[in-house]
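Presented below is the structure to which this report refers.
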Amino acid sequence: MKLSHKEFDVLAAMAGADKTLTQRTLVTTTKHSLSTINRVCKTLSENGLIKDGKITDAGLDALEPYRAKRAIFIAAGFGSRLVPITLNTPKPLVRVNGKRLIDTMLDACLEAGISEIYIVRGYLAEQFDQLLYKYPMIKFIENPSYNEANNISSAMAARFLMQDAYVLESDLLVSNPKIIRRYNYCSNVLGIWKERTDDWCVTQKDGFVDEEKVGGLNCHQMYGVYYLNASDGSRLAEDIKTAFESPGGKEMYWEQVPNVKFRGKYKIEIIECDENDIVEIDTFRELKALDKTYDV
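Under my numbering, the first residue of the sequence shown is numbered 15, with each subsequent residue one higher.
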């Protein structure tokens with residue numbers, strides 16, 4: 015059955031809980047009003063999707079079409095701003111307090127039940143083979159254009175795999191694996207609310223991404239965690255190719271395809287997270303601040 019967004023929110027909250035959830039707990043989790051939760055729970059109960067504050071097998075079946083099926087890691091770049099560390103090591107394999115950056119994202123995907131995992135590699139590609147000892151399910155996609163194009167070239171290499179898929183930057187340090195969700199109602203991007211930022215950010219209109227830009231007020235600073243549903247993933251496969259082959263297309267970031275070049279064609283929600291959930295390490299100075307072993 016087709017779920018409404020509110021029905022989905024309640025079922026997904028229950029599916030991710032290890033105990034019975036009260037309606038007041040659901041208010042906090044879903045951010046819907048108590049009257050809305052009461053009404054939605056009544057409908058779900060009548061349809062046999064929940065019972066006594068827990069999701070039923072029928073409820074899990076109803077969530078299945080919204081399950082994330084795969085994850086694609088964009089990991090082909092050089093990581094120039096992290097020199098000298100990246101002279102001999104791809105940025106995703108740099109260790110922070112003893113753990114590789116990409117491991118924090120891979121572990122989050124596995125915790126969410128996503129085991130179909132692809133890594134698009136380019137710079138020092140063979141070094142990623144070490145991941146197979148811990149993550150034997152990984153499949154590699156080679157990006158032969160990584161040195162002559164932006165990360166849109168990695169999206170080109172993986173464009174036919176983007177349906178029901180996370181598309182992830184590989185240089186993020188994740189402390190809250192829950193930011194990768196087993197179920198997603200529609201396409202979305204992870205963001206942190208900022209009154210002011212000089213970084214890449216998005217504004218929203220009617221609940222969906224309206225504009226992507228560098229720097230802004232009262233916006234969401236973007237992190238490289240995207241989810242694409244089946245229809246958007248299929249559509250994006252063609253639009254990425256069109257953008258890549260257009261004048262100046264090789265200089266684009268892949269997410270500019272839905273948010274800038276084909277603005278208005280996609281409906282992408284913003285999923286809010288906390289400052290403590292995820293860290294993007296852009297520079298060697300930021301790396302040293304997180305791991306004192308580099309401060310020599």
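Beta carbons are placed, not taken as given, at the ideal position from N, Cα and C, and that holds for glycine. Given the structure is predicted, the values throughout are model-derived calculations rather than measurements.
Can you tell me whether residue i is helix, strand or coil according to DSSP?
{"i": "F222", "result": "strand"}
{"i": "Q235", "result": "strand"}
{"i": "C200", "result": "coil"}
{"i": "K208", "result": "strand"}
{"i": "Y137", "result": "coil"}
{"i": "I5", "result": "Residue numbering for the chain in the displayed model covers 15 to 310; residue 5 lies beyond these limits and cannot be assessed."}
{"i": "L17", "result": "coil"}
{"i": "F22", "result": "helix"}
{"i": "E259", "result": "coil"}
{"i": "F92", "result": "coil"}
{"i": "I285", "result": "strand"}
{"i": "K56", "result": "helix"}
{"i": "A126", "result": "coil"}
{"i": "A163", "result": "coil"}
{"i": "G247", "result": "helix"}
{"i": "P272", "result": "helix"}
{"i": "T34", "result": "coil"}
{"i": "T103", "result": "coil"}
{"i": "S47", "result": "coil"}
{"i": "A171", "result": "helix"}
{"i": "M317", "result": "Outside the modelled stretch of the chain, which goes from 15 to 310, sits residue 317, for which no answer is possible."}
{"i": "Y280", "result": "coil"}
{"i": "I194", "result": "coil"}
If residue i and residue j are in contact, beta carbons under 8 Å, what's the gap, nearest whole angstrom?
{"i": "K255", "j": "M170", "result": "7 Å"}
{"i": "I99", "j": "V108", "result": "6 Å"}
{"i": "I166", "j": "A257", "result": "7 Å"}
{"i": "G230", "j": "T217", "result": "7 Å"}
{"i": "L96", "j": "F298", "result": "6 Å"}
{"i": "K68", "j": "T39", "result": "In fact, because the Cβ distance is near 12 Å, the residues do not count as touching under 8 Å."}
{"i": "L182", "j": "I292", "result": "No, L182 and I292 are not in contact; Cβ-Cβ is about 11 Å, not under 8 Å."}
{"i": "S189", "j": "N290", "result": "6 Å"}
{"i": "N164", "j": "Y267", "result": "6 Å"}
Name, in chain order, the residues that DSSP records as bridge partners for residue i.
{"i": "C215", "result": "K227 and Q235"}
{"i": "R299", "result": "The partner list for R299 (beta bridge, DSSP) is empty, contrary to what the question assumes."}
{"i": "V188", "result": "I292"}
{"i": "I69", "result": "I64"}
{"i": "K113", "result": "V110"}
{"i": "A179", "result": "R84 and L242"}
{"i": "K153", "result": "Y132"}
Near residue i, what residues of its chain come up, given a Cβ to Cβ distance below 7 Å and the 5 sequence neighbours on each side ignored?
{"i": "C55", "result": "V24, Q37 and I64"}
{"i": "A26", "result": "L77 and Y197"}
{"i": "Y199", "result": "H19, F22 and Y80"}
{"i": "S129", "result": "M151"}
Excluding the five sequence neighbours on either side, which residues of its own chain have a C-beta within less than 8 Å of the C-beta of residue i, listed in chain order?
{"i": "N273", "result": "V216, V223, E225, E226, Y280 and I282"}
{"i": "V271", "result": "I166, A169, L250, D253, I254 and A257"}
In chain order, what residues of the same chain have a beta carbon less than 6 Å from the beta carbon of residue i, not counting five sequence neighbours either side?
{"i": "R319", "result": "Residue 319 lies beyond the range of the chain shown here (15 to 310); nothing can be said about it."}
{"i": "D213", "result": "Q235"}
{"i": "A303", "result": "none"}
{"i": "T43", "result": "A27"}
{"i": "Y149", "result": "L120"}
Does the segment 75-92 touch the segment 117-132, meaning 3 or more C-beta pairs lie closer than 8 Å?
yes
Check whether the segment 150-169 touches the segment 204-222, counting contact only when three or more Cβ pairs, one atom from each stretch, lie closer than 8 Å.
no
Closer than 8 Å is the cut-off here; do at least three beta carbon pairs connect the segment 128-142 with the segment 201-210?
no
Under 8 Å, with one C-beta from each stretch per pair, do the segment 241-256 and the segment 171-191 reach the 3-pair mark?
yes
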